[in-house]
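Residue numbers (the numbering used here): 3 to 443.
Beta carbons are placed, not taken as given, at the ideal position from N, Cα and C, and that holds for glycine.
Quick caveat, the model's predicted, so the values are computed rather than measured.
Below is one structure; the comments refer to it alone.
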Ligand code: UGA
């Protein structure tokens with residue numbers, strides 16, 4: 003099938019490459035010329051495991067190409083995916099102008115029947131808006147259908163999630179569009195949920211809101227664990243065996259970040275507000291998430307007594323492992339707060355340091371995690387990269403000025419840390435307290 007994808011961010015790139023790999027003729031379009039030139043040469047604008055190989059293979063086998071000319075893409079595809087950004091406005095409502103602009107462009111350039119699919123996360127009723135824009139701008143009597151096909155991929159596993167999704171959701175308003183979408187998705191073995199457009203749009207927001215709430219739920223339980231000297235890891239394990247609850251997304255930490263949960267949960271509150279509903283539960287989810295970062299800073303401050311002049315080593319900057327994405331990363335707030343108190347930050351992240359430099363000031367970056375530990379008054383873990391779990395703890399202990407680790411992701415076992423002679427403070431678990439930091443001279 004001829005497929006076009008407009009917008010080559012995380013969602014757009016995964017969509018182009020996976021549909022090309024399934025044997026379709028795909029064009030990916032983006033207005034960013036530099037990005038397109040790079041992509042055609044196999045240079046990826048983002049770090050995403052497996053993406054580069056898949057793009058290169060499909061370009062080589064001539065199923066995939068990229069253009070900065072949206073018109074060319076619109077003419078090419080029978081199915082056109084809109085994957086442009088839907089960033090938050092200042093008041094957290096969703097900025098739809100990029101989706102709307104593309105809808106106008108499609109209307110003005112389509113010459114035959116098109117299935118126009120919005121894949122970006124959008125408020126309910128966006129499908130109706132897109133339909134109206136196209137009707138108002140098409141000028142000729144060209145047939146089209148609008149479809150909602152929300153994307154559920156996670157950064158860091160974008161390719162894998164697109165090839166093997168838990169489910170595919172397709173919101174349609176016509177039999178013809180339904181059949182085309184079914185055919186397109188036929189090679190992917192996953193439950194296919196066909197519904198109306200508005201329900202499909204809501205499935206996406208409701209799913210992200212639920213996952214964000216699950217994280218805030220366990221983070222609030224972690225707080226109670228800290229107060230009652232219980233262990234949140236055990237509580238999560240015990241809860242997780244109940245199939246109705248499940249262990250996934252019950253990892254306590256420094257709160258969720260990234261470009262999805264923070265903005266989507268706020269946007270969903272705004273959507274509810276428009277319909278006259280006060281979404282108290284989701285408001286609490288966001289508040290708990292904010293508190294989580296603040297609580298972590300409090301832990302660092304109360305352990306170090308005086309942050310001023312202290313060297314603070316940081317391992318992990320990205321909002322989660324296997325991505326270089328720094329958007330809404332909890333590390334930003336935590337580092338900036340500690341800097342305000344006079345803390346000197348030394349940091350290492352396997353992938354995100356270049357992007358971190360764009361948002362953080364006065365951080366010393368190192369290419370080696372052990373260098374971060376050298377002479378530091380404490381070590382903070384802010385992202386749970388696998389390589390941090392494999393570090394030589396004895397070496398870290400010998401390099402740190404004080405053997406103190408404050409772990410925002412619970413990557414180490416407190417008992418092991420005690421045996422290694424660390425003071426170890428984590429989330430929702432009993433502190434391991436050994437040597438106290440020396441007062442600042
Ligand atoms: C999320 C959803 O998981 C995807 O299904 C969705 O498609 C995507 O948003 C989107 O809307 O585009 P993503 O933002 O890539 O994906 O990352 P997640 O793996 O969901 O993690 C989000 C945040 O929650 C991270 O900061 C992570 O550290 C945090 N988290 C996750 C926890 O603190 N605890 C957990 O147990 C799980």
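- Closer than 8 Å to some heavy atom of the ligand UGA: that does not describe the Cβ of residue 222.
- About 12 Å separates the beta carbons of residue 411 and residue 235, which is beyond the 8 Å limit, so they are not a contact pair.
- Burial state of residue 118 is buried, judged by a 10 Å Cβ sphere holding 16 or more other Cβ atoms.
- About 5 Å separates the CB atoms of residue 271 and residue 284; that is less than 8 Å, so the two are in contact.
- Excluding five sequence positions before and after residue 40, the CB atoms of its chain that fall closer than 7 Å to its own CB belong to 47, given in chain order.
- Looking only at 152, 193, 334 and 423, the smallest Cα-Cα distance to residue 364 is reached by 334.
- Secondary structure note for residue 59: its alpha helix (DSSP H) is the uninterrupted segment 53-62.
- Residue 253 sits close to residue 238, with the two beta carbons spaced by under 9 Å.
- Taken through DSSP and simplified to helix, strand or coil, residue 67 comes out as strand.
- A straight-line Cα-Cα distance of about 47 Å links residue 34 and residue 304.
- The segment 107-146 is shown to contain whole beta strand (DSSP E) runs of 3 or more residues at 116-120, in chain order.
- Out of 317, 295 and 276, the CA that lies nearest to the CA of residue 378 is found in 317.
- The closest CA to that of residue 351, considering only 342, 200, 389 and 250, is found on 389.
- The three-state reading of DSSP puts residue 214 in helix, counting H, G and I together.
- Taking the C-beta atoms as reference points, residue 262 is found nearer than 9 Å to residue 210.
- Under the DSSP definition of a beta bridge, residue 409 partners with 383.
- Ranked by Cα distance from residue 401, the options 420, 391, 386 and 380 are led by 380.
- Around the beta carbon of residue 186, 16 or more other beta carbons sit within 10 angstroms, so the residue counts as buried.
- Across the set 107, 145, 140 and 97, the C-alpha of 97 shows the shortest separation from the C-alpha of residue 124.
- Shown here for residue 356: same chain residues with a beta carbon closer than 8 Å to its own, the five before and five after excluded, namely 326 in chain order.
- Per DSSP, residue 400 is one residue of the alpha helix (DSSP H) stretching across 395-401.
- With respect to residue 120, residue 106 sits apart: the two C-beta atoms are not nearer than 9 Å.
- For residue 304, the enclosing alpha helix (DSSP H) has its first and last residue at 282-306.
- Rounded to the nearest angstrom, the gap between the Cα atoms of residue 180 and residue 386 is 41 Å.
- Taking the Cα positions, residue 92 is about 26 Å away from residue 202.
- Per DSSP, residue 19 is one residue of the alpha helix (DSSP H) stretching across 12-23.
- Taking a 10 Å sphere around the C-beta of residue 229, we find fewer than 16 other C-beta atoms and assign the residue as exposed.
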